[in-house]
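Structure first, then comments.
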Amino acid sequence: MSDIAREAGVSQATVSLVLNNSRAIRLSDATRERVYAAASALGYQKIIVPHRPDGQEEIALLLCGMPNYDPFIDAISEASSTAWQRDMLLSVYDYGDDMQMVEQILRQLDQRNCAGVILASPVTRAFDFSPFESCC
Numbered sequence: 001m002s003d004i005a006r007e008a009g010v011s012q013a014t015v016s017l018v019l020n021n022s023r024a025i026r027l028s029d030a031t032r033e034r035v036y037a038a039a040s041a042l043g044y045q046k047i048i049v050p051h052r053p054d055g056q057e058e059i060a061l062l063l064c065g066m067p068n069y070d071p072f073i074d075a076i077s078e079a080s081s082t083a084w085q086r087d088m089l090l091s092v093y094d095y096g097d098d099m100q101m102v103e104q105i106l107r108q109l110d111q112r113n114c115a116g117v118i119l120a121s122p123v124t125r126a127f128d129f130s131p132f133e134s135c136c
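Just so we're aligned: the sequence shown equals residues 1 to 136 in the UniProt record's numbering.
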């Protein structure tokens, strides 16, 4: 990686971000092209592992006591397919009405690479969104 960084005139961190296709920071197309060109010139070949779970972005779907026959199941399936097409995984958490569990789920998501949260509930009622305000 240091050889690629030296050849491209960038830091090793930048090389890592580019070669891992990270969106953690915004890099110019020119910088990305320099890194790819240097990597290619030095014979770097990335081992492609599709849909790698480690370091992969995640979308969390929090379910509030949904039975399996609920009409939201089609929506969940579509959300999962769409996430997968974007190289993300959809994780589903059914917390019932246990707000302590919600807090624990959100703490764990905060430590992961969570790209967003979809909150789904089978009932329409007043809902306290405050626990979700700082999530992702």
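No residue lacks a Cβ here, since even glycine has one placed at the ideal position from N, Cα and C. Bear in mind the structure is a predicted one, so any value in this text is a computation, not a measurement.
Local conformation of residue i per DSSP, three classes
i, result
"Tyr95", "coil"
"Val15", "helix"
"Val35", "helix"
"Val117", "strand"
"Ile25", "coil"
"Leu42", "coil"
Separation of residue j from residue i, as counted between CA atoms
i, j, result
"Asp74", "Asp87", "20 Å"
"Ser121", "Arg26", "35 Å"
"Thr14", "Gln85", "26 Å"
"Tyr93", "Tyr44", "40 Å"
"Ile105", "Asp97", "13 Å"
"Asn113", "Leu42", "31 Å"
"Met1", "Ala30", "18 Å"
"Ser22", "Ser28", "13 Å"
Per-residue burial, residue i [other beta carbons within 10 Å of its own, 16 or more giving buried]
i, result
"residue 181", "An answer regarding residue 181 cannot be provided, because it is not within the stretch 1 to 136 covered by the chain."
Beta-carbon spacing of residue i, residue j below 7 Å
i, j, result
"Arg6", "Val18", "no"
"Ala115", "Ile76", "no"
"residue 152", "Ala79", "Lying outside 1 to 136, the shown extent of the chain, residue 152 is not represented and no answer is given."
"Ile4", "Ala38", "yes"
Of the residues the options, the one placed nearest residue i, counting alpha carbons only
i, options, result
"Ser9", "Arg34, Ser16, Gln108, Ser28", "A small fix is needed here, since residue 9 is Gly in this sequence, not Ser. Checked all of Arg34, Ser16, Gln108, Ser28; the closest Cα to Gly9 is Arg34."
"Met99", "Ser11, Ser130, Ser16", "Ser130"
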